[in-house]
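A.B. asks: The structure follows.
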Amino acid sequence: MRVAAIGECMVELGDVGGGRFARGFGGDTLNTSVYLARLGVDVSYATALGDDPLSAGMLAAWKEEGLGVDDVQIAPGRMPGLYMIQRDENGERSFLYWRDRAPAREFFDRVDDARLERLARYDWLYFSGISLSLYGEAGRARLAELLQAARRNGGRVAFDGNYRPRGWPDAAKARRAFETILPLVDLALPTLEDEQALFGDKDSEQAARRIAQAGVREIVVKTGGAGCLVARDGVMTLVPPAARLTPVDTTAAGDSFNAAYLAARMAGSSHVEAARAGHRLAGAVIMYPGAIIPRDAMPRVPTTETLQ
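The opening residue of the sequence shown carries number 1 in this note's numbering; numbering runs sequentially from there.
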């Protein structure tokens, strides 16, 4: 099965202490794509980059990780966005962004019909609330048309809410965008903290019920160290992690969980087994600084290869 992830990758400056920062590349859907590829999934990344050395470095890194790049558009004279990560003593992050002119924001303004038709043939399309925040009303309308076409072709859609207030003019506009897109989603992978901030849900059960009412059949509400709530066809199951960990850095915890969950579900695991796979990968990721951990630190989780 093939997955196309839609979103933005930026230049990452990560705080390594002493006023120093390490440069890397990151973005929520890109992080998920990398972990999907490492788990044996055929995944392509759909975005727009510039023709600068940083963009070329991103493409080279993605190819090295096994990502498909045929769905990357190149905007001459442009450069990707940049973000800085700062961490507190508990490993929790805060972000500063410079991304207003990033070409990824114009992906659906630039994309041609042939590329959209190709994207609509993937088995899964994956995107996030951050992806939604990149595009204007016209761009989000084209995204919705793409999702509809993919589902008509028998494909499925996975969505991680990943609400970031700074990416939106106001919360009301973000709520409208989420409410418009949810009926086109087959698998929702929200984080409770984000859903509380945007919709005021009191707990994971309320968040799952609200999302289910939009027509989403499978929902995984991530709740940090407490684990997650999996809701499928009205049945809710709490799935805790195997152990409580003290994180070094929570960057990409949710992104990696999503990758392992989706890979396991594609391989035929139950939703509970897939949630446990998500916890295992996220548990490894949070013990390292940065979004992408060393290859040799990858835990064994059910994948399309291990379950064949």
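Ideal Cβ positions, reconstructed from N, Cα and C, are used throughout, including at glycine.
Could you give the uninterrupted runs of the alpha helix (DSSP H) lying entirely in the stretch 179-206, keeping only those of 4 residues or more?
C.D. replies: You should have 192-199.
A.B. asks: Pairs of beta-carbons, one from the stretch 125-137 and one from the stretch 157-177, closer than 8 Å: are there three or more?
C.D. replies: Result yes; three or more Cβ-Cβ pairs closer than 8 Å.
A.B. asks: Looking at the C-beta of Arg38, does it have a partner C-beta in chain B at a distance below 8 Å?
C.D. replies: No chain B appears in this structure, which consists of one protein chain only.
A.B. asks: Would you report the Cα separation of Phe199 and Phe178, rounded to the nearest angstrom?
C.D. replies: So the alpha carbons of these two residues sit roughly 10 Å apart.
A.B. asks: Over what stretch of residues does the alpha helix (DSSP H) that includes Gly283 continue unbroken?
C.D. replies: His271 to Val285 is the span of the alpha helix (DSSP H), which, as asked, contains Gly283.
A.B. asks: Curious, which full-length alpha helix (DSSP H) runs of at least 4 residues does the stretch 203-228 contain?
C.D. replies: For the stretch 203-228, whole alpha helix (DSSP H) runs of length 4 or above, ordered along the chain, are 204-213.
A.B. asks: Less than 8 Å between the CB atoms is what I'm expecting for Gly77 and Arg99, so what's the real figure, rounded?
C.D. replies: Incorrect: roughly 17 Å between the Cβ atoms, too far for contact.
A.B. asks: Tell me Ala48's beta-bridge partners as DSSP assigns them.
C.D. replies: Answer is Gln73, bridged to Ala48.
A.B. asks: Would Glu218 be called buried (16 or more neighbouring beta carbons within 10 Å of its own) or exposed?
C.D. replies: With 16 or more Cβ atoms within 10 Å of its Cβ, Glu218 is classed as buried.
A.B. asks: Write down every uninterrupted run of the beta strand (DSSP E) in the stretch 90-176 whose length is 3 residues or greater and which is fully enclosed by it, in chain order.
C.D. replies: Entirely contained in the stretch 90-176, the beta strand (DSSP E) runs reaching 3 residues are, in chain order, 93-98, 124-128 and 156-160.
A.B. asks: Quick one: measure Cβ to Cβ for Leu39 and Cys9, integer angstroms, because I've assumed they're closer than 8 Å.
C.D. replies: Leu39 to Cys9, Cβ: 19 Å. No contact.
A.B. asks: Give a yes or no on contact between the stretch 46-57 and the stretch 273-282, applying the rule of three or more CB pairs nearer than 8 Å.
C.D. replies: As far as the Cβ criterion goes, the stretch 46-57 does not touch the stretch 273-282, which means the pair count is below three.
A.B. asks: Using three-state DSSP, classify Ala291 as helix, strand or coil.
C.D. replies: Here Ala291 sits in coil by DSSP.
A.B. asks: Quick check on this structure: which residue in Arg295, Gly290 and Ala37 has the alpha carbon closest to the alpha carbon of Met84?
C.D. replies: For the residues Arg295, Gly290 and Ala37, the minimum Cα distance to Met84 belongs to Gly290.
A.B. asks: If I'm right that Tyr35 touches Ala5 with Cβ under 8 Å, what's the distance once you round it to whole angstroms?
C.D. replies: Actually they are not in contact, since the Cβ atoms of Tyr35 and Ala5 sit about 11 Å apart, beyond 8 Å.
A.B. asks: May I ask you to verify whether the stretch 254-274 touches the stretch 96-116, counting CB pairs closer than 8 Å and requiring at least 3?
C.D. replies: With the cut-off at 8 Å, the stretch 254-274 and the stretch 96-116 do not touch.
A.B. asks: Where Arg140 and Phe95 are concerned, what is the direct C-alpha to C-alpha distance, given to the nearest angstrom?
C.D. replies: Cα-Cα distance, rounded: 24 Å.
A.B. asks: Would you mind giving the Cβ-Cβ distance between Val43 and Leu59, rounded to the nearest angstrom? I have them listed as a contact below 8 Å.
C.D. replies: That pair is no contact at about 15 Å.
A.B. asks: Kindly indicate the opening and closing residues of the beta strand (DSSP E) around Met58.
C.D. replies: It is not in any beta strand (DSSP E) - Met58 instead sits in the alpha helix (DSSP H) that spans Pro53 to Glu64.
A.B. asks: Count the other CB atoms, across all protein chains shown, that sit within 10 Å of the CB of Arg20; report buried if there are 16 or more and exposed otherwise.
C.D. replies: The residue in question, Arg20, is exposed, as its Cβ has fewer than 16 Cβ neighbours within 10 Å.
A.B. asks: Give the straight-line distance between the Cα atoms of Ile286 and Gly224, rounded to the nearest whole angstrom.
C.D. replies: Looking at the two C-alpha atoms, the distance is approximately 11 Å.
A.B. asks: Classify Pro241: buried if its beta carbon has 16 or more other beta carbons within 10 angstroms, exposed otherwise.
C.D. replies: With 16 or more Cβ atoms within 10 Å of its Cβ, Pro241 is classed as buried.
A.B. asks: With distance defined between alpha-carbon atoms, name the residue in Leu184, Arg300 and Gly14 nearest to Gly24.
C.D. replies: The candidate whose alpha carbon is nearest that of Gly24 is Gly14.
A.B. asks: From Glu12, Asp28, Val41 and Gly7, pick the residue whose C-alpha is nearest to that of Ala267; which is it?
C.D. replies: Looking at the Cα atoms, Val41 is the closest of the given residues.
A.B. asks: Taking all protein chains shown into account, decide if Ala282 is buried (16 or more other Cβ within 10 angstroms of its Cβ) or exposed.
C.D. replies: Result: buried.
A.B. asks: Excluding the five sequence neighbours on either side, which residues of its own chain have a C-beta within less than 8 Å of the C-beta of Leu245, listed in chain order?
C.D. replies: Gly225, Gly283, Ile286 and Met287.
A.B. asks: Starting from the C-beta of Ala297, find all residues in its chain whose C-beta is less than 7 Å away, skip the five residues before and the five after it, and write them out in chain order.
C.D. replies: So the qualifying residues of the chain are Ala284 and Tyr288.
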